[in-house]
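Undergrad:
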Amino acid sequence: MEKSLPSSGIISQLCGVLQSPDFLPQLASAIEESKLRQNNDHLFLQIQASLCTVPSADLHRGSMILGCIDLHDGKLVPPRLTSVIPDPVDSSGDGVVPLTPQSMVDEASPRSPKRRKTVNGLRLAPFKSIASPNEEGLEKDNQNTLVTGSSVSHTQTASIRQVHSDTGFPQRKKPERDSSVPVMEPTSTDKLISGIWRQVFSPVQLSRLSSVCGDEQIIEPSINIRTGVSGDVFRAVNTLCLKYSNQSQSSRALEMIVQAYWIECYEARIAVIRLQNQNLSITEARMIALKEACAVLNWKEKNLRNRIAIWRGYKEIKDAGGWASLIFASAGVYRFCKYRTGFGEGLSTRLRHIQYSLELAADTLHPGWRDLLQVIGQVEAPRYCGHPHEWVTVTGEPAVPIASTYTHLNLPNGFQYQFIDECVIDCAVFGTDDPRQVPGLDPETCPVCKQRQSDEIEKNQCTCFPTLFGSIRDSIPVQLFHTTSGKNNGVVARTSIDRGTAIGEFIGLITNGISGMDVMQGGSHKKQTYQIYQGQMGNFTRFINHSCRPNSQFQRFYWRGKERIVVVSRGVVAGNEITVDYSNQYWNQLDKKCLCGEGCATHWSNVFGMLHVFRRRRTSD
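If you count the sequence shown from 1, position 219 lands on 220 in the numbering used here, and the numbers rise without skipping.
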């Protein structure tokens with residue numbers, strides 16, 4: 002059969018390219034079979050190509066024609082103008098079907114009457130629709146379970162991803178099921194004030210002396226930091242980074258202090274020039290002052306005018322909120338003063354309301370911040386000292402000592418309260434044992450995230466409540482404030498606290514056997530109970546008030562095998578009071594009245610309870 006093939010160099014080259022020794026016998030067999038079927042000796046070898054994802058012997062429709070070889074004389078015939086081979090359907094009406102390898106395959110199988118569309122041999126994969134979270138398969142959110150899913154097309158089986166929580170931590174709510182009022186986006190003023198509070202409660206260290214430029218002030222590490230990446234070297238690099246970071250922030254604060262004070266001097270200089278030359282207008286006096294400044298600064302007048310607009314914003318912030326509001330302003334204050342987008346939104350009023358609260362936080366958390374004012378020759382002594390929560394803030398007025406807010410109790414020695422960072426065990430009740438220790442609980446593993454818990458930062462892997470356990474403890478952005486609803490003192494959040502974030506640990510004296518007083522009942526098992534009493538010692542959680550619609554809640558958390566009581570946020574907005582639900586048991590045992598002012602479910606439960614007792618008595622009579 003191979004003798005019937007024409008002696009063509011093209012076919013021989015094609016065999017070499019394909020590297021298929023069976024090509025010539027297959028071609029000869031196909032030629033003989035075609036002659037018997039078509040009764041035509043003039044045949045052509047059509048060469049086509051198709052695209053596929055993997056090498057396969059399967060033939061595809063919609064192939065691209067590369068060329069044809071005349072098997073009669075072995076010459077190359079140019080391809081047709083069309084580059085896509087049509088389906089082997091008899092469209093000419095003469096019953097002649099183009100001879101292709103695909104047609105030979107089609108003849109071996111029944112033809113489908115439906116015409117299929119081809120796109121240059123590339124077929125689109127079936128489209129898989131991915132629904133948005135607002136469609137079917139929405140998250141199913143409750144206190145202990147969070148279910149997420151997505152809707153799929155009707156040809157696929159829906160899959161649901163489910164996460165089970167071991168605790169009752171507040172879960173995120175779905176926007177479409179949350180009945181709360183939508184929260185508006187923060188304004189430029191909101192962002193500025195929020196940045197000031199974050200900076201005040203940050204661990205930044207401001208110092209005037211470390212910010213003075215000079216060769217003698219260059220900070221050098223104690224060891225050679227170019228000798229590898231050992232633990233000592235890395236700690237030295239971190240220390241160096243911290244020092245220069247603090248120096249940079251101090252230099253920035255000093256710069257704004259001088260520039261705000263420059264505006265005061267500039268306005269005073271204009272007034273002096275007018276007094277010395279009464280014939281000059283205000284504009285002419287301003288031009289003289291600008292020229293005097295440019296001669297020293299070596300700046301162009303246009304550049305100085307642009308900077309004056311920003312410096313004037315610094316002065317306005319200082320005049321309204323005091324020096325603390327300017328010194329602890331975030332990095333965005335430059336842009337805020339440059340474009341002045343928030344100066345007309347009650348900025349001065351809001352800063353005046355928090356001026357003394359800012360000074361309280363600055364004096365107690367950053368005692369040396371007033372030393373920066375010495376750069377302009379101003380010396381100020383700290384107004385507040387001691388623990389940040391030993392003072393109660395009052396809107397628009399200086400803060401007052403916490404003891405002065407409890408004079409109505411008529412205590413023999415006055416109000417005495419010690420602020421502590423860790424709970425104190427009552428040795429008279431428990432001896433040296435800690436009743437918070439849970440038997441059988443692995444002290445090395447977190448029961449929530451199943452990660453390692455360690456008091457050493459480098460070894461700890463649990464990040465459930467990093468601000469309270471297992472990491473550097475930052476200052477909680479809260480302050481005590483005097484309420485106007487008759488609840489005396491409360492706790493206000495200075496920055497927004499996201500839902501599920503720990504606000505603080507309920508700390509006090511761990512004892513037992515107290516009755517008729519305000520205590521926190523702890524203990525996972527009835528045989529191992531204890532009480533946390535905050536009558537004489539504790540932290541700010543002692544002053545969190547009750548609400549029938551609280552924005553926080555008490556939650557058990559186990560750290561290093563010990564039970565802890567944590568106040569967890571349900572979503573607290575900056576400037577709002579932090580509240581929790583004391584529970585019905587609290588109100589039933591104490592002779593106190595709820596003053597939250599909400600549509601109180603606690604009140605109604607007490608009323609229904611009294612009606613139930615009265616009904617039982619009448620029935621028994």
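By construction, the Cβ of each residue, glycine as well, lies at the ideal position given by its N, Cα and C atoms.
Indicate whether the contact test is met: 3 or more Cβ pairs, each with one atom in the segment 507-516 and one in the segment 528-548, closer than 8 Å.
TA: Contact between the segment 507-516 and the segment 528-548 is present, because at least three Cβ pairs lie under 8 Å.
Undergrad: Just grab the DSSP bridge partners of Trp560 for me.
TA: BP columns for Trp560 point to Lys563.
Undergrad: Reducing DSSP to helix, strand and coil, say where Pro383 ends up.
TA: Three-state result, Pro383: coil.
Undergrad: So Ala575 and Arg495 are supposed to be a Cβ contact under 8 Å. How far apart are they, rounded?
TA: Yes, they are in contact, since the Cβ atoms of Ala575 and Arg495 sit about 6 Å apart, within 8 Å.
Undergrad: Taking Cβ positions, are Leu72 and Ile32 nearer each other than 8 Å?
TA: Their beta carbons are under 8 Å apart, which means Leu72 touches Ile32 by this criterion.
Undergrad: Rounding to the nearest angstrom, what Cα-Cα distance links Pro79 and Leu67 in this structure?
TA: Taking the straight line joining both Cα atoms gives about 9 Å.
Undergrad: Straight-line CA distance for Glu457 to Phe470?
TA: C-alpha separation (whole angstroms): 10 Å.
Undergrad: Distance, Cα to Cα, Pro368 vs Ala254?
TA: Their Cα atoms are separated by approximately 15 Å.
Undergrad: Please classify Arg197 as buried or exposed, where buried requires at least 16 other C-beta atoms within 10 Å of its C-beta.
TA: Going by the sequence as given, residue 197 is Ile instead of Arg. Ile197 should be labelled buried.
Undergrad: Between Glu445 and Tyr559, what straight-line distance do the alpha-carbon atoms span, to the nearest angstrom?
TA: The straight-line gap from Cα to Cα measures roughly 11 Å.
Undergrad: Can you tell me the Cα-Cα spacing of Gly378 and Trp324, whole angstroms?
TA: Spanning the two alpha carbons is a distance of roughly 14 Å.
Undergrad: Buried or exposed for Cys597, going by 16 or more other Cβ atoms inside 10 Å?
TA: Buried, by the Cβ-count rule.
Undergrad: Expressed to the nearest angstrom, what Euclidean distance is found between the alpha-carbon atoms of Gly482 and Val393?
TA: The residue you asked about is not Gly; residue 482 is Phe in the sequence shown. Taking the straight line joining both Cα atoms gives about 5 Å.
Undergrad: Since I believe Cys295 is in contact with Glu302 (beta carbons under 8 Å), could you give me their beta-carbon distance rounded to a whole number of angstroms?
TA: Their Cβ separation, rounded to whole angstroms, is 6 Å, which keeps Glu302 and Cys295 in contact under 8 Å.
Undergrad: Would you please state the rounded distance, in angstroms, between the beta carbons of Glu317 and Tyr357? I believe it to be under 8 Å.
TA: About 19 Å separates the two Cβ atoms, so there is no contact after all.
Undergrad: Does DSSP put Ser13 in a helix, in a strand, or in coil?
TA: Helix.
Undergrad: Indicate the three-state DSSP secondary structure (helix, strand or coil) for Thr535 in the structure shown.
TA: The sequence given here places Gln at residue 535; Thr does not occur at that position. Coil, per DSSP.
Undergrad: What runs of the alpha helix (DSSP H), each 4 residues or longer, lie entirely inside the segment 428-452?
TA: As far as the segment 428-452 is concerned, its whole alpha helix (DSSP H) runs of at least 4 residues are 428-431.
Undergrad: Out of curiosity, what's the CA-to-CA distance linking Gln462 and Val520?
TA: Rounded to the nearest angstrom, the two C-alpha atoms are 33 Å apart.
Undergrad: Determine the DSSP secondary structure at Ile498, reduced to helix, strand or coil.
TA: If DSSP states are grouped into helix, strand and coil, Ile498 belongs with the strands.
Undergrad: With Lys563 and Gln438 assumed to form a contact (beta carbons below 8 Å), what rounded beta-carbon distance in angstroms separates them?
TA: The pair is a contact, with the Cβ atoms about 5 Å apart (cut-off 8 Å).
Undergrad: Candidates Thr468, Thr365 and Gln586: which alpha carbon is nearest Gln480's?
TA: Closest by alpha carbon: Thr365.
Undergrad: Could you have a look at Trp300 and say whether DSSP puts it in helix, strand or coil?
TA: Coil at Trp300, not helix or strand.
Undergrad: Between the segment 419-439 and the segment 488-508, are three or more C-beta pairs nearer than 8 Å?
TA: Yes, since at least three Cβ pairs between the segment 419-439 and the segment 488-508 fall closer than 8 Å, the two stretches touch.
Undergrad: For Asn247, which option in Gln206, Cys266, Thr406 and Thr228 has the closest C-alpha, if you only look at C-alpha atoms?
TA: That would be Gln206, whose Cα lies nearest to the Cα of Asn247.
Undergrad: Which term fits Val201, buried or exposed, when burial requires 16 or more other beta carbons within 10 angstroms of its beta carbon?
TA: It counts as buried.
Undergrad: Would DSSP call Glu293 helix, strand or coil?
TA: Correct three-state label for Glu293: helix.
Undergrad: Cα separation between Met538 and Cys428?
TA: Near 15 Å, if we compare the C-alpha coordinates of Cys428 and Met538.
Undergrad: So if DSSP puts Ile70 in a beta bridge, which residue, or which two residues, is it bridged to?
TA: BP columns for Ile70 point to Leu46 and Leu77.
Undergrad: Nearest to Phe541 by alpha carbon, out of Pro551, Val395, Ile515 and His388?
TA: For Phe541, the nearest C-alpha among the options comes from His388.
Undergrad: Between which two residues does the beta strand (DSSP E) harbouring Trp392 extend?
TA: Unbroken beta strand (DSSP E) run through Trp392: Trp392 to Val395.
Undergrad: Please report the straight-line C-alpha distance between Ile283 and Gly314, rounded to a whole angstrom.
TA: Roughly 21 Å between the two C-alpha positions.
Undergrad: Can you find the residues in the same chain that come closer than 6 Å, C-beta to C-beta, to Tyr624, ignoring five residues on each side of it along the sequence?
TA: Nothing about residue 624 can be read from this structure; the chain reaches only from 2 to 622.
Undergrad: Using three-state DSSP, classify Ser570 as helix, strand or coil.
TA: Three-state DSSP puts Ser570 in a strand.
Undergrad: Can you give the Cα-Cα distance for Phe466 and Gly524, rounded to whole angstroms?
TA: C-alpha separation (whole angstroms): 20 Å.
Undergrad: I'd like the list of long-range same chain contacts for His43, defined as Cβ closer than 7 Å, with 5 residues on each side in sequence excluded.
TA: Only His73 meet the Cβ criterion.
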